[in-house]
Amino acid sequence: MLTWKDIINFSVKGNPTPDKRVEKTDEEWRAQLTLEQFRITRQKGTERPHSGALCSTHEAGKYNCVCCDTPLFDSTIKFSSGTGWPSFTQPIKANAIKYEKDTAFGMVRVEVMCNTCDAHLGHVFPDGPEPSGLRYCINSESMQLEKEAINDK
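Sequential numbering from 1 applies to the sequence shown in the UniProt record's numbering.
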């Protein structure tokens with residue numbers, strides 16, 4: 001389980017190696033994504049709080065990167081933070097997320113990105129629930145929910 005100390009170490013000393021890399025030109029990303037998805041994932045934008053479709057979704061499944069389809073978070077670690085963005089306590093795998101120090105807008109935060117394609121996802125904060133104490137605050141537009149199949153037996 002990742003802790004705040006791990007996150008700070010990644011942001012300062014380097015990130016875990018991803019399983020694979022996906023790199024495309026801005027033109028290729030623009031052709032694949034909606035204008036809002038491109039603004040958020042490729043230009044480090046943010047959606048308005050409580051506006052994202054995945055904010056209040058609690059269906060079982062995996063939350064994958066909208067750009068490269070890499071699994072990022074599992075629905076079992078999603079929680080209602082009241083912040084207006086989907087929130088998670090851990091990534092699906094330690095190397096799924098990339099961390100960078102973000103000093104934009106006069107704040108010091110840790111930006112989280114897809115470690116496969118560098119898509120901006122949101123930020124992580126040390127004010128989440130136990131046991132990790134982490135809150136990954138993620139833009140809905142940067143993810144797509146791959147719903148868990150219901151087994152009809």
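Note that the Cβ used here is the ideal one computed from N, Cα and C, for glycine as well. Quick caveat, the model's predicted, so the values are computed rather than measured.
Legend entry - Limits of the beta strand (DSSP E) - the one that residue 147 falls within: Looking at the DSSP string, the run of the beta strand (DSSP E) that includes residue 147 is 143–147.
Legend entry - Meets three-Cβ-pair contact criterion under 8 angstroms: the segment 64–74 and the segment 98–111: Remark: fewer than three beta-carbon pairs, one from each stretch, lie closer than 8 angstroms, so the segment 64–74 and the segment 98–111 are not flagged as touching.
Legend entry - Spatial distance of residue 105 from residue 76 (CA atoms): Taking the straight line joining both Cα atoms gives about 32 angstroms.
Legend entry - residue 5 burial status per 10 Å Cβ neighbour count (16 or more: buried): In this structure residue 5 is exposed. Its beta-carbon is surrounded by fewer than 16 other beta-carbon atoms within 10 angstroms.
Inset, instruction - Can you say whether residue 123 is buried or exposed, counting buried as having 16 or more other CB atoms within 10 angstroms of its CB? - result: Here residue 123 is buried. Its C-beta has 16 or more other C-beta atoms within 10 Å.
Inset, instruction - Have a look at the DSSP bridge pairing and note the partners of residue 15. - result: None, per the DSSP bridge assignment.
Inset, instruction - Please classify residue 119: is it buried, with 16 or more other beta-carbons within 10 angstroms of its beta-carbon, or exposed? - result: Residue 119 comes out buried.
Inset, instruction - Taking 8 angstroms as the cut-off, decide whether the C-beta atoms of residue 110 and residue 7 are in contact. - result: Yes, these two residues count as a Cβ contact at 8 angstroms.
Legend entry - Counterpart residues of residue 137 in DSSP-defined beta bridges: Note: residue 137 is bridge-paired with 87 and 123 in the DSSP secondary-structure output.
Legend entry - Sub-8 angstroms separation of residue 3 and residue 87 beta-carbons: For residue 3 and residue 87, no; Cβs fall outside 8 angstroms.
Inset, instruction - Within its chain, find whatever has a CB closer than 6 angstroms to the CB of residue 53; leave out the 5 residues flanking it on each side and keep chain order. - result: So the list reads 140, once near-sequence residues are dropped.
Legend entry - Per-residue DSSP class, three states only, for residue 9: Judged by DSSP in its simplified three-state form, residue 9 adopts helix.
Legend entry - residue 106 in three-state terms, based on DSSP: Residue 106 falls in the helix class under three-state DSSP.
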